[in-house]
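A short write-up of the structure that comes next.
Number of protein chains: 2
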Amino acid sequence: MPETRFRHIADRLVSEYAELPPGTKVAGEHEIAERFGVGRAAARAAMQELQRRMLVRRIKGGGTYTAKRIDYMISADRAPSWSRTVRDAGAVPRSVVLSCDPLDLPHDVAVHLGRAPDEAGYRLRRRSFTDDLPASWGDEWVPVDVLPQLPTAIRHESSLHEILRQMAGASPERASSRASIEVASDEVAEGLECATGDPVWLVESVNRDAASGRLLCFTRRWIRADAMRVVFELGGSVPSADAPG
Amino acid sequence: MPETRFRHIADRLVSEYAELPPGTKVAGEHEIAERFGVGRAAARAAMQELQRRMLVRRIKGGGTYTAKRIDYMISADRAPSWSRTVRDAGAVPRSVVLSCDPLDLPHDVAVHLGRAPDEAGYRLRRRSFTDDLPASWGDEWVPVDVLPQLPTAIRHESSLHEILRQMAGASPERASSRASIEVASDEVAEGLECATGDPVWLVESVNRDAASGRLLCFTRRWIRADAMRVVFELGGSVPSADAPG
DNA sequence: GAGTGGTCTAGACCACTAC
DNA sequence: TAGTGGTCTAGACCACTCC
Chain A
1 MPETRFRHIA DRLVSEYAEL PPGTKVAGEH EIAERFGVGR AAARAAMQEL QRRMLVRRIK
61 GGGTYTAKRI DYMISADRAP SWSRTVRDAG AVPRSVVLSC DPLDLPHDVA VHLGRAPDEA
121 GYRLRRRSFT DDLPASWGDE WVPVDVLPQL PTAIRHESSL HEILRQMAGA SPERASSRAS
181 IEVASDEVAE GLECATGDPV WLVESVNRDA ASGRLLCFTR RWIRADAMRV VFELGGSVPS
241 ADAPG
Chain B
1 MPETRFRHIA DRLVSEYAEL PPGTKVAGEH EIAERFGVGR AAARAAMQEL QRRMLVRRIK
61 GGGTYTAKRI DYMISADRAP SWSRTVRDAG AVPRSVVLSC DPLDLPHDVA VHLGRAPDEA
121 GYRLRRRSFT DDLPASWGDE WVPVDVLPQL PTAIRHESSL HEILRQMAGA SPERASSRAS
181 IEVASDEVAE GLECATGDPV WLVESVNRDA ASGRLLCFTR RWIRADAMRV VFELGGSVPS
241 ADAPG
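Protein chains in written order, with UniProt numbering: chain A, 1 to 245; chain B, 1 to 245.
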């Protein structure tokens, strides 16, 4: 293990920042360079190391802040709801509707929902936050006949899960889901307010009504890897080490 | 979108490298700096951008080479076998046994396997390759009574999946599995021959015999994110856009 | 306007790899 | 031994955010 300057600085800062609550503003590059008596390149390398380890969030012109990753659990027996999932992890969820347009279902979406291409649907585009930090961005596709009143309903209740329960009388559950790590394109980076090329999750899910099996919606959502630690569980929850049985 | 120098260089190189077969050696930092008439910092930023996008692999003192990510599919209906999974993705798998020691099952492993702590087991530690590039590293835990002859068998056949089939008469399948993205510790980085702090997958799985349901082994495996694009599927394969039906 | 992170120059030395 | 990527200095200008 090389004993480089920036690595030494990074390790120091890791232990210092570990005791700070998430969201605390910390020293900037210039200050770190001065404090440790190094050039800005070394100080910058140290800060970028912390960012790579997802321990801080850096905002151009704004500063550097301690960060916390939230667990986003995906499994067959958990509700397919952003609010529920985030709340279960101990954070505060929030969603903002960017658009809700009537559009024909694209080919790939129609396939996922077992519909004919060009059937009428709604594309609900939202940005979601954990503790008021942007964490997720993406589309929800709902066939019009599943929920004709979606555009008006979404103005009063931001949880699609709740709307489906209350207005469509459905109990949404995951029919299938697929997750992978990708690299943020320009469009995704803009939606997530991160940099192009940052690591992001792509989660695609099809939800159905638990009682009837009817397919309800298709979700294509990007999630910032520095905001959420997506954990995908197959075949029931794997018991964790500190919760035996 | 900012029109920075390094971004312009990176975009140029992306389109140039796209036509090269994986593993091709490409120009180094110094050469890029000269070619585009920029300082080394700009050239370096461009190369690091390509590395972040997982398009190249860089080896200290060795050079920069074009890279390719292999799909590693995990779902209930796929065989829990490294060789099979890699071969299915069109690459050549290889595994090297680092150690195979008789050890008491640690607490957490015993819990996963439904055993009492401190029962006798084997810890099989291996490094695995795709197209001769290090891609995975981790442990397989097998209770001794499942496969007493494992240490000798693994000397002749590198696939644990095959050994379980042939010598234990079992048909291994995934009982449960759990995947997340983590940041490489020093130990993991050494096992994967990557840098500390690089993004890596952690995949933990419990495998059972399809016929009897008997739990066979527990796997804790780290996978380089730049080598494999892990895709996790829940509730059956989600049909892809170009394979409707 | 002050401070921040992002970009960039023109050098330098080093450890490492390949030959 | 030549070339590579990794680290580092001591400056600089910029766009951006916060106040």
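For glycine and all other residues, C-beta sits at the position ideal for the given N, C-alpha and C. Keep in mind that this is a model prediction, so the values were computed, not measured.
Taking 9 angstroms as the cut-off, the Cβ atoms of B:Thr64 and B:Val92 do not count as close. When 7 angstroms is used as the limit between beta carbons, B:Ser177 is near these residues of chain A: Leu234, Gly235, in chain order. DSSP places A:Val230 inside the beta strand (DSSP E), whose first and last residues are 228-234. The beta-carbon of A:Arg224 is placed no less than 9 angstroms from the nearest beta-carbon of chain B. At a cut-off of 9 angstroms between beta carbons, B:Ala211 makes no contact with chain A. Rounded to whole angstroms, the separation of the alpha carbons of B:Ser81 and B:Asn207 is 10 angstroms. In this structure, the CA atom of A:Thr130 is about 22 angstroms from the CA atom of A:Gly197. Each of B:Leu133, B:Ile59, B:Ala110 was checked against the Cα of B:Tyr122, and the nearest Cα belongs to B:Ala110. Interface criterion not met: the Cβ of A:Pro21 is under 9 angstroms from no Cβ in chain B.
Where A:Gly138 is concerned, the enclosing beta strand (DSSP E) starts and stops at 133-143. Spanning the alpha carbons of B:Arg78 and A:Trp141 requires a straight line of approximately 29 angstroms. Within chain A, the C-beta atoms nearer than 9 angstroms to that of B:Ala76 come from Leu234, Gly235, in chain order.
A Cβ-Cβ distance of about 7 angstroms is found for the pair B:Arg229 and B:Tyr72, placing them in contact under the 8 angstroms criterion. Contact check between the region 138-155 of chain B and the region 199-206 of chain A: fewer than three CB pairs, one atom from each, fall below 8 angstroms, which does not count as touching. By the rule that beta-carbons nearer than 9 angstroms mark a contact, A:Asp139 does not touch chain B. At least one C-beta of chain A is nearer than 9 angstroms to the C-beta of B:Asp198. Residue-level contact check: B:Val230 touches chain A, since one or more beta carbons of chain A fall below 9 angstroms from its beta carbon. Cβ-Cβ separation between A:Ala46 and A:Leu13: approximately 7 angstroms, consistent with a contact (criterion under 8 angstroms).
Under DSSP, B:Phe218 forms a beta bridge with B:Trp141, B:Val206. Secondary structure note for B:Glu34: its alpha helix (DSSP H) is the uninterrupted segment 29-36. B:Thr85 counts as buried, since at least 16 other C-beta atoms from the protein chains shown sit within 10 angstroms of its C-beta. In the DSSP assignment, B:Pro151 falls outside any beta strand (DSSP E) and within the unbroken alpha helix (DSSP H) covering 150-153. Here B:Leu98 is exposed, its C-beta having fewer than 16 other C-beta atoms within 10 Å.
Ranked by Cα distance from A:Asp226, the options A:Leu234, A:Leu124, A:Met167, A:Leu192 are led by A:Leu192. Under a 10 Å Cβ-count criterion, B:Ile163 is classified as buried, with 16 or more other Cβ atoms of the shown protein chains found around its own Cβ. For A:Val96, the enclosing beta strand (DSSP E) stretches over residues 93-104. B:Ile74 is a Cβ neighbour of B:Arg174, given a cutoff of 9 angstroms. For B:Ala42, the number of other beta carbons within 10 angstroms of its own is at least 16, and it is reported as buried.
Close partners of B:Ser180 in chain A (Cβ separation under 9 angstroms): Asp71, Arg229, Val230, Val231, Phe232. Taking a cut-off of 8 angstroms for Cβ pairs, the region 212-225 of chain B and the region 179-195 of chain B touch, as three or more such pairs fall below it.
Around the C-beta of B:Val96, fewer than 16 other C-beta atoms lie within 10 Å, and the residue is accordingly described as exposed.
For the set B:Arg214, B:Ala189, B:Ile70, B:Gly23, the Cα lying nearest the Cα of B:Gly169 is the one of B:Arg214.
Near chain A, meaning a CB-to-CB distance below 7 angstroms, the residues of the region 40-56 of chain B are Glu49, Arg52, Arg53, Met54.
Measuring C-alpha to C-alpha distances from A:Ile181 to each of B:Gly23, B:Arg53, B:Ser176 identifies B:Arg53 as the nearest. Residue environment for B:Lys60: exposed (fewer than 16 other C-beta atoms within 10 angstroms of its C-beta).
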